[in-house]
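*Asks:* Residue 876 is where the sequence shown starts when you use the numbering used here, and the numbers rise one by one after that. Ideal Cβ positions, reconstructed from N, Cα and C, are used throughout, including at glycine. Sending over a structure as structure tokens; questions will come in a sec.
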Amino acid sequence: MLVLGGTAEANALVEALRARWPERRVILSLAGRTRAPHLPEGVAVRIGGFGGADGLAAFLVAEGISLVIDATHPFAAGMARNVQKAAASAGVCRLKLLRPEWQPVEGDRWMAVTCLAEACRALPAGARPFLALGRQHLSPFTRRGDISPLARMIEPPEQPLPEGWTLVLARPSSDSQAEAALMRENGISHLVTRNAGGAASYAKVAAARELGLPVVMIARPPAPEGTVCETVEDVVAAIAAAG
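So this is what it looks like as structure tokens:
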């Protein structure tokens, strides 16, 4: 089995698969964007790209993979398409692990947008937004000289951020009070985030609600065709049912 990871759910899935089927080989594949990723213990790890759908299909055949599970980020739409094409080409079964998206609750002040460019345009002049987006998704905002963002990311950006920006190198906190304190101390006016779903990074959304801040929420791309599971348990059950 090949698990395409980079998410907390992928690590949990690998551990669940190894516990349920210890005799089966499980490979965890990572894109390699994070220098020190969190990894489950005792699992075979492959780091790096495949060279598109054709390269992935060739890998599946060469390694004798019988099942590929796409547990990449909900916004990794290009990868999801490549997995779908590669699995069909190689004649391999495919599952998608896609955690449920967040839903607004009472007190939320969401502004729904469809892309980064629209999120950037939604910010008023003089805004002090908290960009909880990762270093690969800041380009549209760097072209606006009338805002002063705080950008949080795990590793520093390849290019220096514009003057007036604040950089925080850290993983998202699971404590909404800590996230609220970060926003309050930095005079944040808006939260900009993608609807990644899951509990691991929801604290910032809860913090914005507590502080009454608007949230520019970027919608997910459409889910790929085929079998989609929302939880690790659902994936394990689907594999068991298929025999």
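Count the CB pairs spanning the region 1103 to 1112 and the region 962 to 974 that are closer than 8 Å, and state whether there are at least three.
*Replies:* Yes, they touch.
*Asks:* At what residue ranges does the region 1004 to 1062 contain a whole run of the beta strand (DSSP E), taking only runs of 3 or more?
*Replies:* Counting whole runs of 3 or more residues, the region 1004 to 1062 contains the beta strand (DSSP E) stretches 1004 to 1007, 1025 to 1028, 1041 to 1044.
*Asks:* Between M876 and I922, which are expected to be in contact by the criterion C-beta below 8 Å, what is the C-beta distance as a whole number of angstroms?
*Replies:* Not a contact, Cβ separation roughly 17 Å.
*Asks:* Among the candidates A1045, D929, V1091, whose CA atom is the shortest distance from the CA of C990?
*Replies:* Of the candidates A1045, D929, V1091, the one whose C-alpha sits nearest the C-alpha of C990 is V1091.
*Asks:* Starting from the C-beta of N1070, find all residues in its chain whose C-beta is less than 8 Å away, skip the five residues before and the five after it, and write them out in chain order.
*Replies:* Correct list, in chain order: P949, E976, W977, M1092, I1093, A1094, R1095.
*Asks:* According to DSSP, which residues form a beta bridge with C1104?
*Replies:* DSSP, once it has assigned bridges, lists L972 as partnering C1104.
*Asks:* Would the region 960 to 968 and the region 1060 to 1068 be scored as touching if the rule is three or more Cβ pairs under 8 Å?
*Replies:* No, they do not touch.
*Asks:* So, helix, strand or coil for V988, using DSSP?
*Replies:* V988 falls in the strand class under three-state DSSP.
*Asks:* Determine the extent of the alpha helix (DSSP H) in which A883 is found, giving its start and end residues.
*Replies:* Where A883 is concerned, the enclosing alpha helix (DSSP H) stretches over 883 to 895.
*Asks:* Could you please give the first and the last residue of the uninterrupted alpha helix (DSSP H) stretch that includes L931?
*Replies:* Where L931 is concerned, the enclosing alpha helix (DSSP H) stretches over 927 to 937.
*Asks:* Anyone know if the C-beta pair for R1003 and I944 falls short of 7 Å?
*Replies:* Taking 7 Å as the Cβ cut-off, R1003 and I944 do not qualify as a contacting pair.
*Asks:* Residues in the same chain with beta-carbon distance under 6 Å from F925, minus the five sequence neighbours each way, listed in chain order, please.
*Replies:* Cβ neighbours of F925 beyond the five flanking positions: L931, F934.
*Asks:* Taking the beta carbon of G880 as the centre, do at least 16 other beta carbons fall within 10 Å, making it buried, or is it exposed?
*Replies:* Classification for G880: buried.
*Asks:* DSSP on A919, reduced to helix/strand/coil?
*Replies:* Of the three classes helix, strand and coil, the one that applies to A919 here is strand, per DSSP.
*Asks:* Here's a check: name, in chain order, each residue in its chain whose Cβ is nearer than 7 Å to the Cβ of E1100, leaving out the five neighbours to either side.
*Replies:* Result list for E1100: Q959, in chain order.
*Asks:* Please name the residue in I1022, A952, A1115 whose C-alpha comes closest to that of A1000.
*Replies:* Selected option, being the one with the closest Cα: I1022.
*Asks:* Between A992 and P1024, which are expected to be in contact by the criterion C-beta below 8 Å, what is the C-beta distance as a whole number of angstroms?
*Replies:* With a Cβ gap of about 15 Å, A992 and P1024 do not count as contacting.
*Asks:* Can you tell me whether P1089 is buried or exposed? The criterion is at least 16 other CB atoms within 10 Å of its CB, across all chains shown.
*Replies:* With 16 or more Cβ atoms within 10 Å of its Cβ, P1089 is classed as buried.
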